[in-house]
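Residue numbers (our numbering): 8 to 308.
Backbone N, C-alpha and C fix where the C-beta goes; we use that ideal spot for every residue, glycine too.
Worksheet: the structure to be examined is printed underneath.
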């Protein structure tokens, strides 16, 4: 049955459809999630940004553990009849689908955060499109997609509400953020050492390294922001647009360090730590001191 489904997508493949599906699959990629969470944190709701980020992180760590345990090859790696497309983003092993897990977690959490029927329909459609795209591109089996859907949605159902309530318990939030951030950063460094020492499988552990580094910077930033910055996301529409654009430019610059410093493990850890820290604390801290006209980029409570 799985082979029949994969061969069906290969038969209907066309260059135009390839481009369309590649756009669909981007809805489940790292860059989209980072930019979306940053928008919440800077311009909409820190609470929702924290809950969505935490739910997504938990789902993706669970996915990474399963990938490392199962070590399943991808369809295009074992079948000559399956052509893999956009394989540069098909990192790690096959089971479960990382794109589908991320999409299922992120968009279901987004729907849970707002509870609007129209938004829930769009989120469900986004999850479905990402799952289909992974099979069409030949990078995942149907069982990978199903497992990713189940994992991402289950984590949201079980944990989103808890993360949402945790944000309102300020002392507990601070302790959770410090502990999670410190442990995540240490795990990222340890994974980098193990990969460099040829002890850990880079195929299985490069994605977890990035996740833990991002979470390390992000959660430590949450803790710092809670105690030292305490900004609000208020502002006029032009200020919010300017705030977001300037923040994203720096985020892209941080990721661009790869081209300048090389694709070394230490650089990877540094890049993702800085992305998390910039989004949650560094940018709000600097923005609260930068005055644009009669406004500051970030106002404090």
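Three or more beta-carbon pairs separated by less than 8 Å are not found between the segment 17-25 and the segment 219-236, which leaves the two stretches without contact. The C-beta distance from residue 62 to residue 170 rounds to 6 Å, short enough to meet the 8 Å contact threshold. Shown here for residue 237: same chain residues with a beta carbon closer than 8 Å to its own, the five before and five after excluded, namely 307, 308 in chain order.
Its chain contains 223 as the residues whose beta carbon lies nearer than 6 Å to that of residue 192, once the 5 sequence neighbours on both sides are disregarded; these appear in chain order. Between the beta-carbon of residue 69 and that of residue 162 there is about 7 Å, and that keeps the pair under the 8 Å contact cut. Sequence-distant Cβ neighbours of residue 305 in its own chain, meaning closer than 6 Å and more than five residues away, are 238, 291, 294, 295. In this structure, the straight-line span from the alpha carbon of residue 263 to that of residue 269 is close to 10 Å. Taking a contact as a CB-CB distance under 8 Å, the pair residue 137 and residue 31 counts as one, their CB atoms being some 7 Å apart. When rounded, the separation of the alpha-carbon atoms in residue 256 and residue 227 is 22 Å. Listed in chain order, the non-local C-beta contacts of residue 185 below 6 Å within the same chain comprise 230, local neighbours out to five positions each way being set aside. Taking the Cβ atoms as the reference, residue 159 lies roughly 7 Å from residue 107, within the contact range of under 8 Å. Contact between the segment 96-113 and the segment 202-218 is established, with three or more Cβ pairs separated by less than 8 Å.
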